[in-house]
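Numbering (full-length UniProt numbering), first residue to last: 1 to 249.
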Amino acid sequence: EGALTAFRKTYDKTVALGHRLDIVFYLLRIGLFYMDNDLITRNTEKARSLIEEGGDWDRRNRLKVYQGLYCVAIRDFKQAAELFLDTVSTFTSYELMDYKTFVTYTVYVSMIALDRPDLREKVIKGAEILEVLHSLPTVRQYLFSLYECRYGVFFQSLGKMNEMRIQAYSQLLESYRSLTLGYMAEAFGVGVEFIDHSRGSSLGKITLQIDKVNEIVETNRKNWQYQETIKKGDLLLNRVSENLSRVHQ
């Protein structure tokens, strides 16, 4: 709240249109960080209005990236793909993400939103995207295996994404002793049935217990803390050993 108040006061005292837009972008980043829909919506409209008054092309294109990122968050993948593809060649929003991450998002939402001919014209044959995909082999394989109908390879790529799902589950569960399946489902934007189905795959690789009757997930925090302590202890011992070796040398 303090940051929002400070930015609004600064905005009121700022005359230059470009600087006003920069302040609005700061407010949008805060909104995206906290997923404050009202803050995002109000400042997106404000940015559009300022750009119509005479904003430069750079800030106009940066706003499209902000809007696209919000569309990803609310699962409007078609609009996200349209906005991202429109800014692939003019991307300058490094305050949000690096270019590789941006291209990764662009590929993923395009695969969901575009039909095959559009995917070919706008992504598969996109020079800027192809150039970056040379350094993103996993993303490239995911894209081309689906487009080229190599479904076995495509499902292998999905398996790698399952590992990222495990990481996300673990990150949430580390903060709780127990939580409901409903809360987990809401946090990840899926149904309870999806979380329950994950017991045999993603969640099955995490130390926890699921009370299906009461729909409660109980995490074994002591076991996790023990493993984390052992891991950090090993790292510390390795560093001490390295330092002792240098002293003896």
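Ideal Cβ placement from N, Cα and C applies to all residues, glycine included.
Judged by beta-carbon spacing, arginine 60 lies within the 7 Å limit of isoleucine 51, meaning their Cβ atoms are closer than that value.
7 Å or more divides the Cβ of threonine 104 from the Cβ of leucine 173. Note on geometry: alpha-carbon atoms of aspartate 12 and tyrosine 66 lie some 23 Å from one another.
In the assembly as shown, valine 213 is an exposed residue. Its beta-carbon has fewer than 16 other beta-carbons within 10 Å. Taking a C-beta distance under 7 Å as the contact criterion, alanine 113 and phenylalanine 77 qualify as a contact pair.
Annotation: isoleucine 124 to arginine 20 spans about 38 Å, alpha carbon to alpha carbon.
Distance from the CA atom of isoleucine 166 to the CA atom of serine 198, rounded to whole angstroms, is 10 Å. Taking 3 residues as the minimum length, the region 119-147 contains no beta strand (DSSP E) run wholly inside it.
Around lysine 122, the same chain offers Leu85 as residues with beta carbons nearer than 6 Å, after the five sequence neighbours per side are excluded. Shown here, threonine 14 sits in coil according to DSSP, grouped into three states, outside any helix or strand. Where threonine 44 is concerned, the enclosing alpha helix (DSSP H) starts and stops at 37-54. Between threonine 90 and the set Ala73, Ser178, Glu128 and Leu96, the nearest pair of CA atoms involves Glu128.
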